[in-house]
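Colleague: In this note's numbering, the protein residues as written are 211 to 511.
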């Protein structure tokens, strides 16, 4: 396996711990239900042929497809079962190169009869609209057995992951609540995120930030996009301890805001200018941070 590559986008040698690339890939694939299936063309030998493809996952994280025998991609697979499935984060349409994507590679073959009932149930749970054609004679379930994958987590974060490593890890425990947490923090607690960023990533750059946006969250921490008049940069901040659900995220964030506010308000007056806009001649920003803390304490992430 190749080593992870780092293009240096605001990153250092001692980055906060993150879930492994295998975990991040499995989480991304599990969070979505549609991708681009690329097969090898039967008509024009050796050329890739892309198809928009709904999918579900089996217990190991292998993609399941419901395919018609009349479809070109199915005919391609019958001649050569090798294929890839590209899955992109839903928000990638806003900034496709800055967001995560996974290319799964493996062989796609019909699902064995002894697994059909479970696979059918899993697929229809994800794609209930398929109930109308699942029993048509030309439709059958196929499974990709992932052999390798290539994970890109955004600028400068990429690596190959073996199928074995992909299969043995679990998706992140926050998988079902990440979108709600991110939206809640970005809608209601920008000041709190600025405060945490200043406390946990103190530097000349963080002193100048005017806004912050949470872009990702997992069991170990979260990513922030920091905005200033000069530039836009990303940082990662880890939780004091791993979290497992929305309630534990809320509790940890409240404590992080409390700790950050206490630390920054204890700075000597001679140092106030070095902590940026959180200390101004008026108390407006300090009060805003206090209100953000109170809001988090009384709301769900």
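Ideal Cβ placement from N, Cα and C applies to all residues, glycine included.
Thinking residue 362 and residue 368 are a contact (beta carbons under 8 Å), I'd like their distance in whole angstroms, please.
Modeller: For the purposes of this step, residue 362 is taken as the residue at position 152 of the chain shown. For the purposes of this step, residue 368 is taken as the residue at position 158 of the chain shown. Indeed, because the Cβ distance is near 4 Å, the residues count as touching under 8 Å.
Colleague: Can you tell me which of the three DSSP states residue 478 falls into?
Modeller: As a working mapping, residue 478 is identified with position 268 in the chain shown. Low per-residue confidence applies at residue 478: pLDDT is 35, beneath 50, and the placement is therefore not dependable enough to give any value.
Colleague: Does the stretch 405-412 come within contact of the stretch 440-459, defined as at least 3 CB pairs closer than 8 Å?
Modeller: At 8 Å Cβ cutoff, the stretches touch.
Colleague: Taking C-beta to C-beta, are residue 275 and residue 318 nearer than 9 Å?
Modeller: What you label residue 275 is simply residue 65 of the chain shown in a count that begins at 1. What you label residue 318 is simply residue 108 of the chain shown in a count that begins at 1. Cβ atoms of residue 275 and residue 318: closer than 9 Å.
Colleague: Could you have a look at residue 322 and say whether DSSP puts it in helix, strand or coil?
Modeller: Sequence index remark: in the chain shown, residue 322 carries index 112 (1-based). In this structure, residue 322 counts as coil in the three-state DSSP scheme.
Colleague: Taking contact to mean at least 3 C-beta pairs separated by less than 8 Å, is the stretch 278-290 in contact with the stretch 303-313?
Modeller: No, because fewer than three Cβ pairs between the stretch 278-290 and the stretch 303-313 fall closer than 8 Å, the two stretches do not touch.
Colleague: Any idea what DSSP makes of residue 280, helix, strand or coil?
Modeller: Along the chain shown, one-based indexing puts residue 280 at 70. Note: residue 280 maps to coil in three-state DSSP.
Colleague: CB residue 273 to CB residue 250, shorter than 9 Å?
Modeller: By one-based count along the chain shown, residue 273 stands at place 63. By one-based count along the chain shown, residue 250 stands at place 40. No. Outside cutoff.
Colleague: On a CA-only basis, which of 244, 267 and 287 is nearest residue 257? Give me that one, please.
Modeller: Residue mapping note: residue 257 aligns to position 47 of the chain shown, counting from 1. Ranking 244, 267 and 287 by Cα distance to residue 257 puts 287 first.
Colleague: Does DSSP put residue 226 in a helix, in a strand, or in coil?
Modeller: Against the chain shown, residue 226 aligns to sequence position 16. Reduced to three states, the DSSP call for residue 226 is coil.
Colleague: Buried or exposed for residue 236, going by 16 or more other Cβ atoms inside 10 Å?
Modeller: As a working note, residue 236 is residue 26 in the chain shown. Flag for residue 236 reads buried.
Colleague: Specify the secondary structure class of residue 290 as computed by DSSP and reduced to three states.
Modeller: As a first step, residue 290 must be located in the chain shown, where it is residue number 80. Residue 290: coil per DSSP, three-state reduction.
Colleague: Measuring only the C-alpha atoms, how far is residue 388 from residue 454?
Modeller: For the purposes of this step, residue 388 is taken as the residue at position 178 of the chain shown. For the purposes of this step, residue 454 is taken as the residue at position 244 of the chain shown. One C-alpha to the other measures close to 11 Å.
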